[in-house]
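Note sheet for the following structure.
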Amino acid sequence: MSIAPAEAHGVVREQARERRIALFGGTFDPIHIGHLAVARAAERRFHLDEIHFIPTGRPPHKHRAGMASYADRYAMVSIACADHPKFVPSLAEAGEGQSGREVFYSVDTVKHFKHRPHSAGTHFYFLLGADSFLHIPTWKDYETLLGLCDFIVASRPGFDVAALRLVIPPELFARRGAAHAPLDPRAIPLRRTVVYVLDTVSSHVSATDVRYRLDRNDSIHGLVPPRVEEYINKKALYR
Ligand code: ATP
3 MSIAPAEAHG
13 VVREQARERR
23 IALFGGTFDP
33 IHIGHLAVAR
43 AAERRFHLDE
53 IHFIPTGRPP
63 HKHRAGMASY
73 ADRYAMVSIA
83 CADHPKFVPS
93 LAEAGEGQSG
103 REVFYSVDTV
113 KHFKHRPHSA
123 GTHFYFLLGA
133 DSFLHIPTWK
143 DYETLLGLCD
153 FIVASRPGFD
163 VAALRLVIPP
173 ELFARRGAAH
183 APLDPRAIPL
193 RRTVVYVLDT
203 VSSHVSATDV
213 RYRLDRNDSI
223 HGLVPPRVEE
233 YINKKALYR
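Following my numbering, the numbering of the sequence shown begins with 3 at its first residue and continues without gaps.
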């Protein structure tokens, strides 16, 4: 009997494991160490192969005057991802001419990733903070979105992870003893997917605070990666 080349090299198990990709959307205005701490914690706990950082074009819920341009936000995300082999900057919401002027909805972005030609056999997660998840009922087609992939909800100081259940419509919960129910008692099994709680990270940093400090000429040292700080200074962003 001949041995398949993969077996001969002892990599059968590695090949059989499904790829795990997390989609991490955000304004990233700018990206900060809270985002990176969340992504690293998720990578470790869920053995993720890739985390795609997806700056939103025109955020449907968060548009405000004085936002950095899409190009600057994407550049900062790329710089922050450079030292992490599994962090991938994504142009998925760049839109026409990469202008970043279009509104994208998470439900469409997740579908886009799932329907890519090489996505068969990939397990997708949607990564977000507890504050964002608590607003999910305001998102386009959120009931559909909750059924498209698993969710990893990172705890964030000031937001109660016990409240996550309250924003999920009762009819979406899995039946008791559902086959895919995880062992983790804090995870919330839905009919087709699971909402996991990631509470090993607790970062007080927010982009609002970073912008506020810059506006007052206060230091942001340690709140964003050093090269992102350099970029912000060079381009005099948020002043
Ligand atoms: P802003 O202060 O402008 O509202 P932000 O710091 O919340 O911004 P976003 O780019 O809006 O940053 O966040 C992208 C995602 O990362 C969101 O799901 C948000 O909940 C999550 N996130 C941001 N900061 C943290 C943090 N410190 N801990 C946990 N999750 C976070």
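In this text, a Cβ means the ideal position worked out from N, Cα and C, and glycines have one as well.
Since the structure is predicted, the reported quantities are computational estimates derived from the model, not experimental observations.
Sorted by chain position, residues whose beta-carbon lies closer than 6 angstroms to a non-hydrogen atom of the ligand ATP are G28, T29, F30, D31, G36, H37, V40, L130, G131, D133, S134, A156, R158, S205, V207, S208, A209 and T210.
By alpha-carbon distance to G59, the top candidate from F48, D31, R213 and V40 is D31. Sequence-distant partners of R241 (beyond 5 residues in either direction) whose C-beta falls short of 7 angstroms from its own C-beta, in its chain, are L216 and D217. Closest by C-alpha distance to F128, out of E20, P227, P172 and E45, is E45.
With a 10 Å radius around the Cβ and a threshold of 16 neighbouring Cβ atoms, A122 comes out exposed. Taking H49 as reference, the option from G149, D110, H117 and R19 with the minimal CA-CA separation is R19. Here the stretch 225–240 does not lie against the stretch 188–202, with fewer than 3 beta-carbon pairs under 8 angstroms apart.
Counting every other CB atom within 10 Å of its CB across the protein chains shown gives P57 a total of 16 or more, marking it as buried. Between V203 and A43, the C-beta gap is smaller than 8 angstroms, which places the two residues in contact. According to DSSP, residue pairing for G131 in a beta bridge involves A156. Using a Cβ distance threshold of 8 angstroms, F55 and S108 do not count as a contacting pair. The beta carbon of F153 sits closer than 6 angstroms to those of F128 and V197, all from its chain and outside the five residues before and after it, given in chain order.
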